[in-house]
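Anchor point for the sequence shown: position 197 equals 197 in full-length UniProt numbering, and the numbering is continuous, going up by one each time. Backbone N, C-alpha and C define an ideal beta-carbon position, used for all residues, glycine too. Worksheet: the structure to be examined is printed underneath.
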Amino acid sequence: MAAAETLRPGFYAQTCPEAEAIVRYEMMKAMIREPRSVASVMRFQFHDCFVNGCDASLLLDDTPNMLGEKLALSNINSLRSFEVVDEVKEALEKACPGVVSCADIIIMAARDAVALAGGPDWVVRLGRKDSLTASQEDSDNIMPSPRANATSLIGLFTKFNLSVKDLVALSGSHSIGEARCFSIMFRLYNQSGSGKPDPAIEPGFREKLDKLCPLGGDENVTGDLDATPKLFDNQYFKDLVAGRGFLNSDQTLFTFPQTREYVKLFSKDENEFFKAFVEGMLKMGELQSGKGGEIRTNCRVVNSQALDILGPNKSSFAEQGSAYWIPPPTSIDNLESAQRSSTLIQLEANQHPTT
Numbered sequence: 001m002a003a004a005e006t007l008r009p010g011f012y013a014q015t016c017p018e019a020e021a022i023v024r025y026e027m028m029k030a031m032i033r034e035p036r037s038v039a040s041v042m043r044f045q046f047h048d049c050f051v052n053g054c055d056a057s058l059l060l061d062d063t064p065n066m067l068g069e070k071l072a073l074s075n076i077n078s079l080r081s082f083e084v085v086d087e088v089k090e091a092l093e094k095a096c097p098g099v100v101s102c103a104d105i106i107i108m109a110a111r112d113a114v115a116l117a118g119g120p121d122w123v124v125r126l127g128r129k130d131s132l133t134a135s136q137e138d139s140d141n142i143m144p145s146p147r148a149n150a151t152s153l154i155g156l157f158t159k160f161n162l163s164v165k166d167l168v169a170l171s172g173s174h175s176i177g178e179a180r181c182f183s184i185m186f187r188l189y190n191q192s193g194s195g196k197p198d199p200a201i202e203p204g205f206r207e208k209l210d211k212l213c214p215l216g217g218d219e220n221v222t223g224d225l226d227a228t229p230k231l232f233d234n235q236y237f238k239d240l241v242a243g244r245g246f247l248n249s250d251q252t253l254f255t256f257p258q259t260r261e262y263v264k265l266f267s268k269d270e271n272e273f274f275k276a277f278v279e280g281m282l283k284m285g286e287l288q289s290g291k292g293g294e295i296r297t298n299c300r301v302v303n304s305q306a307l308d309i310l311g312p313n314k315s316s317f318a319e320q321g322s323a324y325w326i327p328p329p330t331s332i333d334n335l336e337s338a339q340r341s342s343t344l345i346q347l348e349a350n351q352h353p354t355t
């Protein structure tokens, strides 16, 4: 993939100076309304950037001529809260029509999701364009399964010039959120075709999972990905050390020697985890397809289709009202769902993080 040479902090400083504040405010509203939404939106960056770069192809709805990525195997019944991005885009279109890309919204919203959940905050590099197409096939061929082991995950991340440390740190995104029983039934009842549970699961935790996800039960029931599912912290890694990882693709990071040392490091030092996570997010955000793009007015459709949908007598987001902007709170200290203030991690604007 092409290097992201044009991305920079403050990209919208002149064209839409309130862009980042608007995104943060909309994310705060979404979090108050539905606390789970921040975990969902945070994952959009990974699912978007690994499939032909960070170009918001993930957000495109299917059309008669295109099968998009929303119904890909790794996304269907997994990704949710697309309406939050719609709300952010609508707010931005009212403030600055046709300026902020959906691809950049994903990057900003993912950062804000982490910060609002008590994790680190950081300066993002912006200036992406939105893709003109999407590919379910590409997503199916690239995105990992919940059954993935550390070897396959390392191989995948290496293809994108992401290190083993990046892999482990970015897996810490599972510090918040939930996953379906469907994703762990094989771990509980037939690991590697053995007809037995995964021996890496701590016995007490396995009993808990057996009750949550009984054989023959509703596989759409969800379980917490770590013991503090609403707080972005290093509990996820502590759980892995204790054999309480929910997904196979999580617990494998502790059972595999090459990744285990980073799991142990992050379980003991939350600041090291935060720093590594930010570096990984920035590196992942640099992935681009090298293809041309546009600034979509509606994140779900390319602009030519958006015009067809609007028709001659319908107005765009920007035309539906001009007095939108309400200054956001200057602090999230009083936000009910935010347990603690975020840590601002600044990296040099023009310096790529090291591996």
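Asked, Found
"Length of the line joining the Cα atoms of threonine 259 and lysine 159", "17 Å"
"Pairwise C-alpha distance: arginine 296 and alanine 91", "14 Å"
"C-alpha gap between glycine 10 and proline 97, whole angstroms", "18 Å"
"Whole alpha helix (DSSP H) elements within the segment 83 to 162, 4-residue minimum", "102 to 116, 136 to 142, 150 to 159"
"Serine 101 versus glutamate 279 - alpha carbon distance", "22 Å"
"Three or more C-beta pairs below 8 Å linking the segment 178 to 192 and the segment 206 to 225", "yes"
"Contacts around serine 249, its chain only, beta-carbon distance under 6 Å, and the 5 residues preceding and following it disregarded", "Pro146, Ala148"
"Aspartate 224 in three-state terms, based on DSSP", "strand"
"Methionine 108 versus cysteine 54 - alpha carbon distance", "12 Å"
"Neighbourhood of glutamate 348 by C-beta distance below 6 Å, restricted to the same chain and skipping five residues each side", "Confidence in glutamate 348 is poor, its pLDDT being 40 and thus under 50, which makes the residue's placement unreliable; the coordinate value appears in the next sentence. So the list is empty, once near-sequence residues are dropped."
"Cα-Cα separation between asparagine 161 and alanine 113, rounded to whole angstroms", "25 Å"
"Touching by the beta-carbon criterion (3+ pairs, under 8 Å), the segment 201 to 208 and the segment 284 to 302", "no"
"The segment 226 to 240 in contact with the segment 183 to 199 per 3-pair CB rule at 8 Å", "no"
"CB contact flag (phenylalanine 44, isoleucine 106, <7 Å)", "yes"
"DSSP state of residue 372 mapped onto helix, strand, coil", "Residue 372 is absent from the structure shown; the chain starts at 1 and stops at 355."
"Nearest-angstrom Cα separation, counted from alanine 169 out to leucine 71", "27 Å"
"DSSP three-state assignment for arginine 80, whether helix, strand or coil", "coil"
"Member of Val123, Ser304, Lys129, Thr255 whose CA lies at the smallest distance from the CA of lysine 283", "Val123"
"Cβ pair alanine 117, valine 38 closer than 7 Å", "yes"
"C-alpha gap between arginine 80 and glycine 193, whole angstroms", "31 Å"
"Beta-carbon separation (whole angstroms), alanine 30 vs glutamate 87, contact threshold 8 Å", "7 Å"
"Closest by C-alpha distance to asparagine 65, when choosing among Phe256, Gln136, Ser173", "Gln136"
"Backbone CA spacing between proline 133 and leucine 7 [nearest angstrom]", "Note on identity: in this sequence residue 133 is threonine, with proline being the wrong assignment. Roughly 21 Å separates the two Cα atoms."
"Which residues DSSP lists as bridging isoleucine 28, in chain order", "With the sequence shown as reference, residue 28 is identified as methionine, and isoleucine is not the correct amino acid for it. In DSSP, methionine 28 forms no bridge with anything."
"Cut-off 6 Å between Cβ atoms - residues of its own chain near valine 99, not counting five sequence neighbours on either side", "Thr15, Cys16"
"C-beta contact flag for asparagine 298 and phenylalanine 266 at 7 Å", "no"
"Aspartate 166 vs arginine 128 beta-carbon contact at 7 Å", "no"
"Asparagine 303 to glutamate 207 span [Cα, whole Å]", "51 Å"
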